[in-house]
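Counting in our numbering, the sequence shown runs from 635 upward without gaps. Glycine included, C-beta positions come from ideal geometry on N, C-alpha and C. Okay, so here's the structure we're looking at.
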Amino acid sequence: MYIAGLSELLLLSALLFSAKQGAQQKRHPLIYVALGITFGAAVMGLLRYLELANTLEWHKELSFAGKHFAMASFLIALLWQTLTPRALPYGLVGLALIFTVINYLTPIGIISDAYIVILSLVLIFKVRQNMQALYMGIAGVILLLSTLVWGAIIQDESLRIGVFHLCLSSFYVLITLSSRHLNTKPI
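Dropping the structure here:
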């Protein structure tokens, strides 16, 4: 599982990049909560896959929170200043929490997946005036969705997880770069 473990380093660096960009762009503090959850999952995965510690339970729980809450919260934090009315971002975070609880009680992952894609498409729509940002956003979503294909094609578990981490890292970097072109005024 060394490919899976080493690919966690790529994910960690992408998350750090997103956090640094979030600080430079003065994004909502929710971005650090979201990235922190995913960062914790990546650290636990690194320790698990490189067989440095038995972190299976922590990795599973943080990965669950990362998928169902943190990814949506990351996108909401990027969009925060562009959303109107002002209560809308809070409602979107509440919706992410509701989807997390639903997935905890009954595993219906498609709900969270669809929510993440919809939030990504909203971000892409809001940066559509800048072609470079538009293409980066579209590429990020395509890479994220491609994990469904790679999961079905790649048989080696370590390689499959490594490709997943590569696609997820690319998503974080591309969406972060694309978000730099968001208008801070609500659209």
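- Approximately 3 Å separates the beta-carbon atoms of residue 774 and residue 808; this is inside 8 Å, confirming the contact.
- Contact between residue 716 and residue 793 is absent: CB atoms are separated by about 38 Å, not below the 8 Å threshold.
- Distance between residue 668 and residue 751, taken at the CA atoms: about 16 Å.
- Note that the region 674 to 687 does not touch the region 717 to 729; fewer than 3 beta-carbon pairs, one per stretch, sit closer than 8 Å.
- Within the model, the alpha-carbon separation for residue 650 versus residue 638 is close to 19 Å.
- By the criterion of at least three beta-carbon pairs nearer than 8 Å, the region 727 to 735 is not in contact with the region 784 to 800.
- Secondary structure note for residue 785: its alpha helix (DSSP H) is the uninterrupted segment 765 to 787.
- Each residue's CA atom was taken as its position, placing residue 711 and residue 724 some 10 Å apart.
- Within the same chain, and ignoring the five residues on either side of residue 810 in sequence, the residues whose Cβ sits closer than 7 Å to its Cβ are 651, 652, 655.
- In the DSSP annotation of this structure, the continuous segment of the alpha helix (DSSP H) that includes residue 658 starts and ends at 636 to 658.
- In the three-state reduction of the DSSP assignment, residue 742 falls in the coil class, being assigned neither a helical nor a strand state.
- Rounded to the nearest whole angstrom, the CA to CA distance from residue 644 to residue 714 is 27 Å.
- Following the DSSP letters along the chain, one finds residue 761 in no alpha helix (DSSP H), marked with neither H nor E.
- Taking residue 703 as the centre and dropping the five residues before and after it, the same chain places the C-beta of 730, 734 closer than 6 Å to its C-beta, in chain order.
- Residue 694: member of the alpha helix (DSSP H) spanning 690 to 699, first to last residue.
- Minimum Cα-Cα distance from residue 743 among the listed residues 765, 727, 699 corresponds to 699.
- For residue 661, there is no enclosing alpha helix (DSSP H), as DSSP marks it with neither H nor E.
- The residue among 675, 659, 804 with its C-alpha nearest the C-alpha of residue 776 is 804.
- 8 Å or more divides the Cβ of residue 746 from the Cβ of residue 727.
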